[in-house]
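*Asks:* In the numbering used here, the protein residues as written are 5 to 818.
(1) Pull up the CB-CB distance for residue 125 and residue 136, whole angstroms please, since I reckon it's below 8 Å.
(2) Among 708, 757, 738, which one has its Cα closest to the Cα of residue 797?
(3) Any C-beta of chain C sitting closer than 8 Å to the C-beta of residue 312?
(4) Rounded to whole angstroms, how far is the Cβ of residue 192 from the Cβ of residue 157, which I believe are closer than 8 Å?
(5) Looking at residue 260 and residue 283, is the spacing between their C-beta atoms short of 8 Å?
(6) Please tell me whether residue 367 and residue 410 are closer than 8 Å, where the distance is taken between their beta carbons.
(7) Between the Cα of residue 391 and the Cα atoms of 75, 713, 185, 341, which residue gives the shortest distance?
(8) May I ask which residues mark the beginning and end of the alpha helix (DSSP H) holding residue 612?
(9) My understanding is that residue 760 touches residue 400, with C-beta atoms under 8 Å, so please give their C-beta distance in whole angstroms.
(10) Return helix, strand or coil for residue 518, following the three-state DSSP convention.
(11) Would you mind working out which of 773, 688, 537 sits nearest residue 419, comparing C-alpha positions?
(12) What does DSSP give as the partner residue(s) for residue 382 in the beta ladder?
(13) Is the beta carbon of residue 441 closer than 8 Å to that of residue 632?
(14) Should residue 56 go down as buried or exposed, given a rule of 16 or more other Cβ atoms within 10 Å for buried?
(15) Suppose the cutoff is 7 Å on Cβ atoms and the five residues either side in sequence are ignored; what does the same chain contact list for residue 342 look like?
(16) Go ahead and label residue 132 buried or exposed: buried means 16 or more other beta carbons lie within 10 angstroms of its beta carbon, across all protein chains shown.
(17) By the 10 Å Cβ neighbour count, where 16 or more other Cβ atoms means buried, how is residue 27 classified, buried or exposed?
(18) Please report how far the alpha carbon of residue 526 lies from the alpha carbon of residue 515, in whole angstroms.
(19) Thinking C-alpha only, which one of 348, 123, 189 is nearest residue 143?
(20) Would the stretch 776-785 and the stretch 66-74 be scored as touching if the rule is three or more Cβ pairs under 8 Å?
(21) Mapping DSSP to helix, strand and coil, what is residue 688?
(22) Under 8 Å, with one C-beta from each stretch per pair, do the stretch 175-186 and the stretch 717-725 reach the 3-pair mark?
(23) Rounding to the nearest angstrom, what Cα-Cα distance links residue 717 and residue 748 in this structure?
(24) Does DSSP put residue 334 in a helix, a strand or coil?
(25) Determine which residues share a DSSP beta bridge with residue 710 and list them.
(26) Please report the distance separating the alpha-carbon of residue 737 from that of residue 309.
(27) I need the boundaries of the beta strand (DSSP E) containing residue 75, first residue and last residue.
(28) What residue ranges within the stretch 16-50 form continuous alpha helix (DSSP H) runs of no fewer than 4 residues, ordered along the chain?
(29) So what's residue 682 in DSSP terms, helix, strand or just coil?
(30) Going by DSSP, what residues sit across from residue 294 in a beta bridge?
(31) Grouping DSSP H, G and I as helix and E and B as strand, with all else coil, what is residue 506?
(32) What number of angstroms, rounded off, separates the C-alpha of residue 503 from the C-alpha of residue 495?
(33) Can you tell me where the beta strand (DSSP E) holding residue 236 begins and where it ends?
(34) Skipping 5 residues on each side, what residues in its chain have a beta carbon closer than 6 Å to that of residue 680?
(35) What separation, rounded to the nearest whole angstrom, lies between the Cα atoms of residue 818 and residue 76?
(36) Locate the beta strand (DSSP E) running through residue 265, then write down its first and last residues.
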C-alpha cells in the first residue's frame, strides 16, 4: 500500500501507462494559467491530451474536480472522457493513496451539463429552489408540437386555418410550397431551435421582414406553451439558453469553475460560446480544442467562427490573449493518407477579403506512421457496376488474407446514403449488391428507414396481428399510401414464422383473445351501469364496486380486479379524503390488459426468428439483427412515454389503440425517416461492412476506408440562414455564397482522414467527382490490381473480452 497522500508527478503517471507525449501534447497538458487554444488535427490524440490535462490539474495541482468544467460534443465522447478519467485517476490513487471523486464534476455534453446547472442550487440565488423541468429531446419535441402545441403556434402567427400556417412555414423556412402538417412542424422546429441558439428572443427588436416577424410570433407562442403546464418544458436548444440565463442572474457563477475545458469547439453554437465565456470570466482559464477543417454541423446551428476567431474573441471577452498550441502529429493514418488530405484542403482559396483567412492556417500536420508502401489505392477506370464489383472482391480479399479481423473494420463512407423521393441512392445500392453477391453482408441503417429493416417489419407484423390495423384516415396522401404498403409488408414478413411455429401461432391467438375479452368485459360493464343508470363520472363506493363485480357476462379476470382488496381500500380512502374516485376508474382498471407493445416484444423473443438472431450475435457471426432489435425497443418505449403505457379496452375498441400506435406514432417515425443506430461501446455490429454517412464517421477511425461516392452538390444557403444573418447583422463570418464550398471541403476532409492503414477511392466512368477531390490524380496512386495487398500490416488479434478495457490508440486517441 502506498503511504497516505504520497505525492506523485505527472511524469510518474505517464510512465505507469507507458505514455510519452510529444512536445506539443506535453505543453498542452502542463499549461495551467490563462486561456489555451489547441488546434487538433485528425488522429492527434486530443482526447488523450484533455484527459491528461484534467488529471494533472486534479492530481498534481490539487484542483477540486467539482471546480472543473469539461465538455464535449457527443454522448459517446463524453462517455469516453468519464471512463478515461476514472481509469487514470484510479492509477493515481494506487500511487498517492488519495481517492479522487469525479461524481460531482461537470463532465459530459454541453446539454447534460446545462441540465445539471438548472437543477443545482449552487448556480441559483441563495434560498431559491430550482424548479423541475421536463427535457424534450428531438423526437419528443416533434411529438409534443405535433399533438399539443400546434394550435397555439398557428394562432400565435395569426392564422385561423392550420394548413395555411403549415404552407407559410414551409415556404418561409424551407422555400417549399407544401401545406403538410409534418413539414410545417419540421420547419417550425428548425426555425425555433435556431432562434434559441442565436438568442433571437421575442423581446429583442431585430431587423426582419413581415414573414419572419410572423415566424417569430409563432416562436413566442411556442415559448408560452412550454411554460403553460404544471411542469415547465424545455427543448435541447432552449436548455442552453435557460442555463445561461440562470448563470447571468446569479452573482458569483463566473467564479465557480477554476478551469473550463471544451472539446470539439468548432461544433459549438453562439449560445454555447456565451456560456463558456461567462463561466470562464472569473479565473480566465478557458481551454478550447478543435479542428475547423472538421466542422460539419452548421446544419444544426454550429458556428465554425467560434473556433476560427477564438483568439481575438478571447482577448475581447476575457481581456487576455490565449496561448496557441498545435497538436499536429497524426498517430492514426499512414503518411500517404495524411499527404492526400493535406493537399486536398489547400485546393480552395481560404483567404478573407481585406486580410486574414476563413480557416486556421499553418497547422503543419505531420504523419507519425511514415512508410514507403502505398496507403491510398483506387479502382480501375470502370463503369459504375464494374467498379463496385472490383471493390467488393477487394474487401473480401482483405478478410480472407487476414488484413482485417472483421468486416466492420472496413467503412464505406458517403456524403449521403438516404433515398431521394423514394428512390434508393444508386451509389449505395450498387455497392451493397456487389458485396452481397460476394458473400459480404452490409450494415446500412441510414440507407433507408429503420422501420424497413427486416427485424422491425417482423416485430411490427406480430404486433399488427394482435392489436389490428388502423382505420384509413380521412386524408390519403402519397406518403400514407407508401406507409400502408409497409404495413402490408410487415404482415408478410411475420406470416411465415406464424405458419411454421404452432407455439407462436398460439401465443398470438391468446393475446388476441385477451383483447376481445377486455372489450367484451367493458361492454358488459357499460350495459350493467346503463341498467343501474350510473354514469362513469359518478363517485365510486365500495358498495357500487361490489355490485359491478356481479355484472353478468364479465370474465373471471375482471371480477378478480373489481374484488381486489387493494381497490376496495383505495376507494374507501379516497372517499374519506373527500377525493372520491370515479366509477370510470374501476371500469378502466378491470378492463386494462397486463401487457403493452414493449411487453409483447419481450415475450416474442422466446420464439423464432428471435432465437436465431440472438445466436448469430452470440457466436459473433452477425450482430446487426440484435442491434436492430435493441434500437426497436427504444422506439417502443418512446411510444409508451409519448402516448400511453396502458392498453385499455376503451382504447382498443374501434381501433383506437391501433390508430395511435400505427397511424400516429409509427407513421410519424416513417415520415421522420428515423434510422440511426449507435452504441456507445461498439457502434457497428460484427460481421458486416458499415455503410456510413461522413457525418456518422466523425470522430471515428477504421483500418480501411472506402469512399463510396466522390460527388457532392453545393446547395446554396437556405432562407433561415439568410434571415438569421439579417437579424443579427453579424460581421466577420463566412460569406453566404461560399458556405456550400467550405462545407463540402470540410466534409470530404473528414472522410479522407478516417483511415488508419488504407484509403480506397473509386474511379468510375461518367462518375461525378467533387473538383478539389481530383487532387488524387496528381499523385502516383496504384490501382487495386497493381496494389500488393501483402504490404498491409496483418490484423491484430482481438483482445479477449475480460470486462471493461480501454485502448488509448482506439478509445482515447480520436
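Backbone N, C-alpha and C fix where the C-beta goes; we use that ideal spot for every residue, glycine too.
*Replies:* Quick answer:
(1) For the purposes of this step, residue 125 is taken as residue 121 along the chain shown, with counting starting at 1. For the purposes of this step, residue 136 is taken as residue 132 along the chain shown, with counting starting at 1. That pair is no contact at about 13 Å.
(2) If you number the chain shown from 1, residue 797 lands on position 793. In this structure, 708 is the residue among 708, 757, 738 with its C-alpha nearest to the C-alpha of residue 797.
(3) The structure shown has no chain C; it contains just one protein chain.
(4) By one-based count along the chain shown, residue 192 stands at place 188. By one-based count along the chain shown, residue 157 stands at place 153. Confirmed, about 6 Å.
(5) Position 279 of the chain shown holds residue 283. Position 256 of the chain shown holds residue 260. Yes, the pair counts as a contact, with Cβ atoms nearer than the cut-off.
(6) In the chain shown, residue 367 corresponds to position 363, counting from 1. In the chain shown, residue 410 corresponds to position 406, counting from 1. No.
(7) As a first step, residue 391 is located in the chain shown; it is residue number 387 there, counting from the start. Closest option to residue 391, Cα to Cα, is 713.
(8) Along the chain shown, one-based indexing puts residue 612 at 608. No alpha helix (DSSP H) contains residue 612, which DSSP labels as neither H nor E.
(9) On the chain shown, residue 760 is found 756 positions in, with the first residue counted as 1. On the chain shown, residue 400 is found 396 positions in, with the first residue counted as 1. Incorrect: roughly 20 Å between the Cβ atoms, too far for contact.
(10) Position 514 of the chain shown, counted from the start, is the residue given in the question as residue 518. In the structure shown, residue 518 sits in a helix (DSSP, three-state: H, G or I).
(11) On the chain shown, position 415 is the one that residue 419 refers to. Nearest option by C-alpha distance: 773.
(12) On the chain shown, residue 382 is found 378 positions in, with the first residue counted as 1. Answer is 765, 787, bridged to residue 382.
(13) Here residue 632 refers to the residue found at position 628 when the chain shown is read from its first residue. Here residue 441 refers to the residue found at position 437 when the chain shown is read from its first residue. No, Cβ-Cβ distance for residue 632 and residue 441 is not below 8 Å.
(14) Here the question's residue 56 lines up with position 52 in the chain shown. Looking at its Cβ environment, which holds 16 or more other Cβ atoms inside 10 Å, residue 56 is buried.
(15) Residue numbering aside, residue 342 sits at position 338 when the chain shown is read from its first letter. The residues are 334, 369, 371.
(16) Translated into positions along the chain shown, residue 132 becomes position 128. Residue 132 is exposed by the Cβ-count criterion.
(17) As a working mapping, residue 27 is identified with position 23 in the chain shown. Classification for residue 27: exposed.
(18) Taking the first residue of the chain shown as 1, we reach residue 526 at position 522. Taking the first residue of the chain shown as 1, we reach residue 515 at position 511. It is roughly 17 Å from the alpha-carbon of residue 526 to the alpha-carbon of residue 515.
(19) Walking along the chain shown from the start, residue 143 turns up at place 139. That would be 189, whose Cα lies nearest to the Cα of residue 143.
(20) no
(21) Reading the chain shown from its first residue, position 684 is the one you call residue 688. It is coil, neither helix nor strand.
(22) yes
(23) Walking along the chain shown from the start, residue 717 turns up at place 713. Walking along the chain shown from the start, residue 748 turns up at place 744. Cα to Cα, residue 717 sits roughly 8 Å from residue 748.
(24) Counted from its first residue, the chain shown places residue 334 at position 330. In the structure shown, residue 334 falls within a strand segment according to DSSP collapsed to helix, strand and coil.
(25) Start at 1 with the first residue of the chain shown, and residue 710 comes out as number 706. According to DSSP, which records beta bridges pairwise, residue 710 is partnered with 416, 764.
(26) Position 733 of the chain shown, counted from the start, is the residue given in the question as residue 737. Position 305 of the chain shown, counted from the start, is the residue given in the question as residue 309. Answer to the nearest angstrom: the Cα atoms are 6 Å apart.
(27) In the chain shown, the residue the question calls residue 75 occupies position 71. Start and end: 72-76.
(28) 27-34
(29) For the purposes of this step, residue 682 is identified with residue 678 of the chain shown, where counting begins at 1. Residue confidence for residue 682 is low, a pLDDT of 48 falling below 50, so the modelled location carries little weight and cannot support an answer.
(30) Residue numbering aside, residue 294 sits at position 290 when the chain shown is read from its first letter. Its beta-bridge partners are 43.
(31) Position 502 of the chain shown holds residue 506. Residue 506 falls in the helix class under three-state DSSP.
(32) Reading the chain shown from its first residue, position 499 is the one you call residue 503. Reading the chain shown from its first residue, position 491 is the one you call residue 495. Each residue's Cα considered, the two are about 12 Å apart.
(33) The residue you call residue 236 lines up with position 232 of the chain shown. Start and end: 236-239.
(34) Numbered from its first residue, the chain shown carries residue 680 at position 676. Annotation note: pLDDT 44 at residue 680 (below 50); position unreliable, no value reported.
(35) Position 814 of the chain shown, counted from the start, is the residue given in the question as residue 818. Position 72 of the chain shown, counted from the start, is the residue given in the question as residue 76. At residue 818, the pLDDT of 35 sits below 50, so the modelled position is not reliable and the matter cannot be decided from this model.
(36) Stepping through the chain shown from its first residue, residue 265 is reached at position 261. From DSSP, the beta strand (DSSP E) with residue 265 extends over 263-266.
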